[in-house]
Ligand code: PMP
């Protein structure tokens, strides 16, 4: 089925071609709830069950009637969508409403300041930019303190109250002794010059990030360096600061990475009339960025021990922990924040996707008050951030999620349990085909075995190209009118992120579709998988 976009050939034609190769290039013309509609050859609508849910943006479903009606009213009332650099009461109300939910879930009264943006990656970039601003100000204060101390030591040495002993030069750093120099002022200047040189080289080091292996935090210039997938990240490495990637099953790797990069500055003090050099730790790590449940990496729940160790190490080095809830938050797991379900505590939280209720494009980085730098507000902005329309729609989304004492969260949890139980039965029936079923709430993944030794050349070819998951999704769409999609960086895992409206009947439909595709794979029936038989 060729789409108009593919025919026109100018809007990412190569991607359209790739999607077409596995039958995923379908044009959808209407959407409501859990259903997308396409047209058949006679122009009649064909419903397709949507389990991709806008890559997790549709916890309340496509075109939720209350959200659509509200949006229509807002536009009919001619609300000023854009009036930048004026009062933004709606963004303020949204920040307050988000705080009320966080307060309940975190059981903590500390407020979080909101930096609004439009997309997920942009919220991440705002968060890391704020963290770097914080690091920059911390470093500037530290450098200022060190300069003040040098001034105080200079005055004491000048007044004859202190001398520079030989062992002041005995540092781990390559500092040469000023052999033969006896003038106390000259000895001090030699020492200060060498320490200054060392310190400025340390201060010029690029910041680093701590990130989990398989993480996905966006594809913009900064955020793509926090995305583990090499194909996405490596070509752009030269453009931004780098991350150290840590395996989720080895929490001790966090401390090891920190130890490997430890940086010190040298400061001066006077003890008993002797000038003494002291080490000051300086923050080379800008932030630890972590998803509570990795979405694009294959629906991997962060083990509690890893989350706890991340928190401990961050606290020990004063590094902020940014919890990326862009895919897992907004109720998707049955709690507003998935991190509260896995015992992970952040200093920042990022939200996007379902925050816009499926129609607005809005995102936010929430920063704990004790780490917030208000000066950031004067150096960071975006034309589209904080607009009245998106803020009001997001408020409506929160109202719907929170209504009836959080009835929506209970529905999500119950639907998730039901869906997960069904997936478990498919796995039991096809252990040779389905490797694993995992996730929480309505953020579930079904991982297929790789089948490199398939007797079908077609399947072998798909496996070689990392396309097996896409072919499975293509089959399920073509044969069962169900839209699924592999996760972005783990193509053998189908992600299921439906809206909370998912019905029992739809779960049953998915079950028969999965049983069918599992049987096709078990039979090594390549032609049938690709719709050629
Ligand atoms: N973080 C996470 C956890 C995500 O899942 C995504 C998107 N899949 C992003 C960041 C980036 O969001 P966007 O595509 O809106 O830039």
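Residue numbers (our numbering): -1 to 531. Cβ atoms here follow ideal geometry from the backbone N, Cα and C, with glycine treated the same way.
Each of 117, 118, 119, 215, 216, 289, 293, 322, 324, 325 has a C-beta closer than 5 Å to some heavy atom of the ligand PMP; these make up the full list, in chain order. Around residue 399, the same chain offers 329, 406 as residues with beta carbons nearer than 6 Å, after the five sequence neighbours per side are excluded.
The three-state reading of DSSP puts residue 361 in strand, counting E and B together.
Residue state for residue 393 is assigned as helix, using DSSP reduced to three classes. Of the candidates 294, 383, 38, 140, 294 places its Cα closest to the Cα of residue 489.
The beta strand (DSSP E) runs lying completely inside the stretch 443 to 529 and spanning 3 residues or more are 483 to 485, 488 to 494, given in chain order. Taking the CA atoms as reference points, residue 436 sits about 54 Å from residue 266. For residue 353 and residue 365, the gap between their C-alpha atoms comes out near 17 Å. Between the C-alpha atoms of residue 475 and residue 515 there is a straight-line separation of about 11 Å. When rounded, the separation of the alpha-carbon atoms in residue 31 and residue 282 is 47 Å.
Ranked by Cα distance from residue 245, the first of 210, 160, 346 is 210.
In the three-state DSSP reduction, residue 429 falls in the coil class, being neither helix nor strand. Around the CB of residue 59, 16 or more other CB atoms lie within 10 Å, so the residue is classed as buried. Around residue 290, the same chain offers 300, 326, 336, 337, 340, 342 as residues with beta carbons nearer than 6 Å, after the five sequence neighbours per side are excluded. Under DSSP, residue 419 takes part in no beta bridge, so it has no partner. Contact between residue 320 and residue 296 is absent: CB atoms are separated by about 21 Å, not below the 8 Å threshold. Taken through DSSP and simplified to helix, strand or coil, residue 164 comes out as helix. Taking 8 Å as the upper bound for CB-CB distance, residue 457 and residue 524 are in contact here, some 5 Å apart.
Residue 24 holds the alpha-carbon nearest to the alpha-carbon of residue 39 among 331, 24, 494, 95.
Cβ neighbours of residue 112 within its own chain (closer than 6 Å, five residues either side excluded): 93, 362, 364. Residue pairing by DSSP places residue 288 opposite 321 in a beta bridge.
Put simply, of 497, 466, 502 the residue whose alpha carbon is nearest the alpha carbon of residue 518 is 466.
By the neighbour-count criterion, in which a residue is buried when 16 or more other Cβ atoms sit within 10 angstroms of its Cβ, residue 270 is exposed. Selection 213, 391, 46 evaluated against residue 95 yields 391 as nearest (Cα-Cα). Sixteen is the threshold: since fewer than 16 other Cβ atoms of the shown chains lie within 10 Å of the Cβ of residue 12, the residue is exposed.
In this structure, residue 357 and residue 118 do not form a Cβ contact; the two beta carbons are roughly 16 Å apart against a cut-off of 8 Å. Take residue 226, set aside five residues on each side of it, and the residues of its chain with a beta-carbon closer than 6 Å to its own are 211, 212, 213, 243, in chain order. DSSP places residue 233 outside any alpha helix (DSSP H), giving it a letter other than H or E.
The alpha-carbon separation between residue 404 and residue 287 amounts to approximately 28 Å.
Shown here, residue 242 sits in a strand according to DSSP, grouped into three states. Closest by C-alpha distance to residue 528, out of 485, 508, 455, 505, is 455.
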